[in-house]
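As given, the protein sequences belong to chains A, B, C and D, one line each in that order.
Sequence positions in the first sequence follow the numbering used here and run 1128 to 1434.
Sequence positions in the second sequence follow the numbering used here and run 1128 to 1434.
Sequence positions in the third sequence follow the numbering used here and run 783 to 887.
Sequence positions in the fourth sequence follow the numbering used here and run 783 to 887.
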Amino acid sequence: SQSSEWPLSSTEYQRYGRQMIMPEIGLRGQLQLKKAKVLIVGVGGLGCPAAAYLAGAGVGTLGLMDGDTVEVSNLHRQVAHATGRVGMSKVDSAYEYLYALNPEVNYIRHSFHLSPEHAISVFEQYDIVLDCTDHPTSRYLISDTSVLTSKPLVSASALKTEGQLIVLNDPPKPPGDLFGGPCYRCIFPKPPPAESVLSCGEGGILGPVVGVMGVLQALEAIKVLTRRSEAQGRMTDAEPATAQPVKASLLIFSAFSSPQFRTIKMRSRRADCAACSAKRVVTADSLSSGSLDYIAFCGRTTPVDVL
Amino acid sequence: SQSSEWPLSSTEYQRYGRQMIMPEIGLRGQLQLKKAKVLIVGVGGLGCPAAAYLAGAGVGTLGLMDGDTVEVSNLHRQVAHATGRVGMSKVDSAYEYLYALNPEVNYIRHSFHLSPEHAISVFEQYDIVLDCTDHPTSRYLISDTSVLTSKPLVSASALKTEGQLIVLNDPPKPPGDLFGGPCYRCIFPKPPPAESVLSCGEGGILGPVVGVMGVLQALEAIKVLTRRSEAQGRMTDAEPATAQPVKASLLIFSAFSSPQFRTIKMRSRRADCAACSAKRVVTADSLSSGSLDYIAFCGRTTPVDVL
Amino acid sequence: MADPIPLTVEFTGGLEMLFSDQRKHKISIPGQDEDGSASNVAYLIHWLCDNLMKDPRKEMFVLDDSVRPGVLVLINDSDWELEGEANYELQPNDNVVFVSTLHGG
Amino acid sequence: MADPIPLTVEFTGGLEMLFSDQRKHKISIPGQDEDGSASNVAYLIHWLCDNLMKDPRKEMFVLDDSVRPGVLVLINDSDWELEGEANYELQPNDNVVFVSTLHGG
Ligand SMILES: [Zn+2]
Ligand SMILES: [Zn+2]
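And the structure:
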């Protein structure tokens, strides 16, 4: 439906007009979004709203990865699914919703759980990754793969009445370059003891809490994809573009506290990080050969396919 | 599908289990939600996500009010609608989505714009109101009606890259009682000059920005509906229950600033408020007789049915 | 003469458009107004109009000698109505935010 | 003897369960440790275990003399790694937040 003279079709001008009239997006930003390939790992409480707003905004390609099927206990918070789709794969269920919202997007369905063996080959097809999963094992695997494939990573999590969000590996400089953004291992060099990890199934989760974090992931992804140059700051419009190592910024949310939101200044890349430093031990070979045992590393006891 | 021995059906235990295992909700809170009647005025960028998470959480009755039809330019942010429902009333379109998400909720469709003549009779059917509209005229009308019908009001707004949220008239004490929460007129006694008011159509709006505010409205509504007693604070779990006039708290969001969120301490009820003080001039009669001209008051020039 | 008072002022909700499209400004204002009184928020608003605002549409910011209806003034994250409104005497390093209320949805 | 140091400590991300289910605590700790050194964050962590933590599961909070992996320590809204980590010397009215990272989604 595109004419050769206009960079967008008239339907696209109509559909995206309300965001294109803002200087932060404009035609420039809309074309950046259209060109962008975004991978969402986990189509649950975070992935559903993140996918909805990224599809709405008109990213060109949206990859959805999840090996689970829809359960009725998901529906209080996983708002891209539906009661009539209980039992269907989450990826197919979300695709039905997303295609109805915006058929202009190219959706790619990965109806399986991420594993070290194929993580790199999947991530290579995308420009940016959203970690919408729910276990430390997958968080380390996704971060390591993002570093190895040079993709910025928007990572969020939520439990009970609280949420956390951080943009990692942004800009995605090569390992050893201290001007790249820190990775998950820079912030958390050691995994938490298995007994300290609660899932949403065990700890419970309030729907709008995880919903807010997922929507904010979509926002941060849009900001990364549409910013004018790599040197500009991520979370602020006021930071001067100096040649300082990039620090990350952690947003923490607590529904029943006041204030509800806090922004925390975090560190830059760690000079001895196992994944993103010159001294790294995580390599494409060690990762895809399975020699890094993410499960044992995180002390996990339940089966691998729960990733 | 309810047995006489259990307060919830087994489907409901399954569907809401992940939120019921949290002490903040529990069986007590779930029954409060089931009993609750929530009115959402405006099924656009704020109302869509607010409705999704309130339906997901299992409020008993969800009223949807809007007189508009779905347009393709809505779909980048109004994620309860769909491309195939362009031209349908927004209320009917959202109903299709919400019913598929959770058929256990009783949905009430008000497919018309709020007007002073019928506002009171509609609000009287509900326990709490969400202002998801997009013009100061409706914001004053909704606040006045909330005060007159003693309903807490969760009010949000968004434009371009920014959003604002405030819980008003909570607790909803009678006019003149300074221990009730402030109303919209306490915070904004005078309407803004018409030329200073931008709509989303004119100013533009980023989808996740309005999305975040809508999800947070659902959260605040759930907090109001499930709190243990009226004396407890709204936005915090740490405030002592003292006999102080209740102050409101304004959340402001700015997508490209750092920090993105700020919580602002606002005033308590205004002793000379036109709506909620002992000196009030807004009464049920003056409101429903049309003697308060909300349009002229807000200097509006476009037709009334845009409300 | 009182020392100048360093302040951070911020404009949001669209008001930044009136101030060179810049949200955050670090400024320093005189410690006293023309009458020798300690500088308060009323004086700051005048000062901003005269010194920082490049946009000619003053009526988008001020009306009848104060901020126009629909603009909130926040002093160190509190509504100025809790701090004495226009009479609040500014302290060094105060953070003053001017927010235009939004109405979109 | 140095004066006691008043502090606000907060626990979130589930850690509040270990501290009487209360997120925010106003405390006052000795100005010096047993060796006469100025009280730092390492000392605060010990002090919290001994004086504020009622839950017997110390291993949910500390491991090898520091906080366990997966707990962030935030000093006045900065990661403690920017402030000198455990060696940061506490100042009166500092805000120290202990956050357990979340993994749900
Ligand atoms: Zn690293
Ligand atoms: Zn009032």
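We treat Cβ as the ideally placed atom computed from N, Cα and C, and that holds for glycine.
Note to self: I want to know whether the region 1246 to 1257 of chain B touches the region 1204 to 1212 of chain B - three or more CB-CB distances under 8 Å.
What the structure shows: The way I'd put it, the region 1246 to 1257 of chain B doesn't touch the region 1204 to 1212 of chain B; fewer than three beta-carbon pairs between them come closer than 8 Å.
Check: Apart from the five residues on each side of it in sequence, which residues of its chain come closer than 7 Å, Cβ to Cβ, to A/G1303?
Finding: Here the question's residue 1303 of chain A lines up with position 176 in the first sequence. Counting only Cβ-Cβ distances below 7 Å, and skipping sequence neighbours, we find S1404, A1405.
Item checked: Chain-ordered residues of the region 850 to 881 of chain C with a beta carbon less than 7 Å from chain B -> Hits within the stretch, in order: R850, P851, G852, L856, D859, S860, D861, E863, L864, V881.
Notebook entry, point to check: Along chain A, which residues have their Cβ under 7 Å away from the Cβ of B/Y1143?
Noted result: Taking the second sequence and counting its residues from 1, one reaches residue 1143 of chain B at position 16. H1203, listed in chain order.
Margin query: Between the alpha carbons of C/P890 and C/T883, how many angstroms are there, rounded?
Written below: Lying before the first or after the last residue shown, residue 890 of chain C is absent from chain C, which here runs from 783 to 887.
Notebook entry, point to check: Looking at chain C, which residues of the region 1380 to 1393 of chain B have a Cβ within less than 8 Å of any of its Cβ atoms?
Noted result: Residues of the region 1380 to 1393 of chain B whose Cβ lies closer than 8 Å to any Cβ of chain C, in chain order: S1381, S1384, R1389, T1390, I1391, K1392, M1393.
Next item on the list: Please report how far the alpha carbon of A/Y1421 lies from the alpha carbon of C/G886, in whole angstroms.
Entry: Within the first sequence, numbered from 1, the residue matching residue 1421 of chain A stands at position 294. Within the third sequence, numbered from 1, the residue matching residue 886 of chain C stands at position 104. About 46 Å.
Check: So with Cβ pairs under 9 Å, would you call D/E841 a contact of chain A?
Finding: Here residue 841 of chain D refers to the residue found at position 59 when the fourth sequence is read from its first residue. It does; some Cβ of chain A falls within 9 Å.
Margin query: Counting C-beta neighbours from all protein chains within 10 Å, is the total for D/S802 16 or more, i.e. buried, or is it exposed?
Written below: For the purposes of this step, residue 802 of chain D is identified with residue 20 of the fourth sequence, where counting begins at 1. Result: exposed.
Note to self: Does B/G1334 come out as helix, strand or coil in the three-state DSSP assignment?
What the structure shows: Walking along the second sequence from the start, residue 1334 of chain B turns up at place 207. In the structure shown, B/G1334 sits in a helix (DSSP, three-state: H, G or I).
Note to self: Is C/T883 close to chain B? Criterion is C-beta to C-beta, closer than 9 Å.
What the structure shows: Looking up residue 883 of chain C in the third sequence gives position 101. It does; some Cβ of chain B falls within 9 Å.
Check: What number of angstroms, rounded off, separates the C-alpha of D/S848 from the C-alpha of D/W829?
Finding: Stepping through the fourth sequence from its first residue, residue 848 of chain D is reached at position 66. Stepping through the fourth sequence from its first residue, residue 829 of chain D is reached at position 47. Roughly 12 Å between the two C-alpha positions.
Checklist line | Pick from A/V1197, A/Y1222, A/E1322 that is closest to A/G1214, judged by C-alpha positions | finding: Stepping through the first sequence from its first residue, residue 1214 of chain A is reached at position 87. Of the candidates A/V1197, A/Y1222, A/E1322, the one whose C-alpha sits nearest the C-alpha of A/G1214 is A/V1197.
Note to self: Quick check on B/K1317: buried or exposed, where buried means 16 or more other Cβ atoms within 10 Å of its Cβ?
What the structure shows: Position 190 of the second sequence, counting from 1, holds the residue named residue 1317 of chain B. With fewer than 16 other Cβ atoms within 10 Å, it is exposed.
Next item on the list: May I have the straight-line CA-CA distance separating C/G842 from C/G795, to the nearest angstrom?
Entry: Working through the third sequence from its first residue, we reach residue 842 of chain C at position 60. Working through the third sequence from its first residue, we reach residue 795 of chain C at position 13. Strictly speaking, residue 842 of chain C in this sequence is Met, with Gly absent from that position. So the alpha carbons of these two residues sit roughly 12 Å apart.
Margin query: Between B/R1397 and ligand 2, is there a pair consisting of the residue's CB and a ligand heavy atom that are separated by less than 8 Å?
Written below: One-based indexing of the second sequence puts residue 1397 of chain B at position 270. Answer for B/R1397: yes, Cβ within range of ligand 2.
Notebook entry, point to check: Who pairs with B/K1164 in a beta bridge, going by DSSP?
Noted result: Position 37 of the second sequence, counting from 1, holds the residue named residue 1164 of chain B. Bridge partners of B/K1164: B/T1188.
Notebook entry, point to check: What residues does ligand 1 have around it, judged by CB closer than 5 Å to any heavy atom, in chain order?
Noted result: A/C1310, A/R1312, A/C1313, A/C1400, A/A1402, A/C1403
Next item on the list: Pair every Cβ in the region 1163 to 1172 of chain A with every Cβ in the region 1181 to 1188 of chain A, then say whether three or more of these pairs are closer than 8 Å.
Entry: yes
Notebook entry, point to check: Can you round the beta-carbon distance between D/D859 and A/K1374 to whole angstroms, since I take them to be within the 8 Å contact cut?
Noted result: Translated into positions along the fourth sequence, residue 859 of chain D becomes position 77. Translated into positions along the first sequence, residue 1374 of chain A becomes position 247. About 13 Å separates the two Cβ atoms, so there is no contact after all.
Next item on the list: Can you pull the chain B residues whose beta carbon is under 8 Å from the beta carbon of C/T794, in chain order?
Entry: One-based indexing of the third sequence puts residue 794 of chain C at position 12. Chain B residues near C/T794: E1289, I1379, S1381, S1384.
Notebook entry, point to check: Taking three-plus beta-carbon pairs below 8 Å as touching, is the region 1337 to 1346 of chain A in contact with the region 1289 to 1303 of chain A?
Noted result: yes
Notebook entry, point to check: Beta carbon of A/G1165: closer than 8 Å to some heavy atom of ligand 2?
Noted result: For the purposes of this step, residue 1165 of chain A is taken as residue 38 along the first sequence, with counting starting at 1. Before going further, note that residue 1165 of chain A is Val rather than Gly in the sequence given. Result no, Cβ not under 8 Å from ligand 2.
Next item on the list: Can you give me, in chain order, the residues of the region 1205 to 1238 of chain A that have a beta carbon less than 7 Å from any beta carbon in chain B?
Entry: V1206, A1209, T1210, G1211, A1227, L1228, N1229, P1230
Note to self: If the cut-off is 8 Å on Cβ atoms, which residues from the region 1336 to 1354 of chain B count as contacting chain A, listed in chain order?
What the structure shows: V1336, G1338, V1339, V1342, L1343, A1345, L1346, I1349, K1350
Notebook entry, point to check: Does any heavy atom of ligand 2 sit closer than 8 Å to the C-beta of B/V1274?
Noted result: As a working mapping, residue 1274 of chain B is identified with position 147 in the second sequence. Distance from the C-beta of B/V1274 to the nearest heavy atom of ligand 2 is below 8 Å.
Checklist line | Close Cβ partners of A/V1433 (< 6 Å) along its chain, the five nearest in sequence each way excluded | finding: For the purposes of this step, residue 1433 of chain A is taken as residue 306 along the first sequence, with counting starting at 1. Confidence is the limiting factor: at A/V1433 the pLDDT is only 26, short of 50, which leaves the residue's position unreliable, though a coordinate-based value still follows. Closer than 6 Å at the Cβ level, and outside the excluded window around A/V1433, lies no residue.
Margin query: Runs of 3 residues minimum, wholly inside the region 1219 to 1254 of chain A: which ones carry the beta strand (DSSP E) assignment?
Written below: 1233 to 1237
Next item on the list: Starting from the Cα of B/I1379, find the closest Cα among B/R1145, B/S1282, B/Y1226 and give me that residue.
Entry: Residue 1379 of chain B sits at position 252 when you count from the first residue of the second sequence. Of the residues B/R1145, B/S1282, B/Y1226, the one whose Cα lies closest to the Cα of B/I1379 is B/S1282.
Check: Under the rule that 16 or more other beta-carbon atoms within 10 Å means buried, what is A/S1265, buried or exposed?
Finding: Here residue 1265 of chain A corresponds to residue number 138 of the first sequence, with the count starting at 1. A/S1265 is buried by the Cβ-count criterion.
Margin query: Please classify D/W862 as buried or exposed, where buried requires at least 16 neighbouring CB atoms within 10 angstroms.
Written below: Position 80 of the fourth sequence, counted from the first residue, corresponds to residue 862 of chain D. Per the 10 Å Cβ criterion, buried.
Next item on the list: Kindly indicate if chain B contains any beta-carbon less than 9 Å away from that of C/D785.
Entry: Here residue 785 of chain C corresponds to residue number 3 of the third sequence, with the count starting at 1. False, the Cβ-Cβ gap to chain B never drops below 9 Å.
Item checked: 7 Å Cβ shell around A/Y1222 - same chain, five flanking residues per side excluded -> Taking the first sequence and counting its residues from 1, the one referred to as residue 1222 of chain A is at position 95. Closer than 7 Å at Cβ, skipping near neighbours: L1191, Y1234, R1236.
Next item on the list: Kindly indicate if chain A contains any beta-carbon less than 9 Å away from that of B/I1293.
Entry: For the purposes of this step, residue 1293 of chain B is taken as residue 166 along the second sequence, with counting starting at 1. Answer no: the Cβ-Cβ gap between B/I1293 and chain A never drops below 9 Å.
Check: Can you name the residues of chain B whose CB is closer than 9 Å to the CB of C/G813?
Finding: Mapped onto the third sequence, residue 813 of chain C falls at position 31. What C/G813 touches in chain B: nothing, since even the nearest Cβ is about 27 Å away.
Check: For B/P1367, which residues of its own chain have a beta-carbon under 8 Å away from its beta-carbon, when the five flanking residues on both sides are left out?
Finding: As a first step, residue 1367 of chain B must be located in the second sequence, where it is residue number 240. Residue placement at B/P1367 is flagged as unreliable, the pLDDT there being 48, under the threshold of 50; a coordinate-derived value is accordingly withheld.
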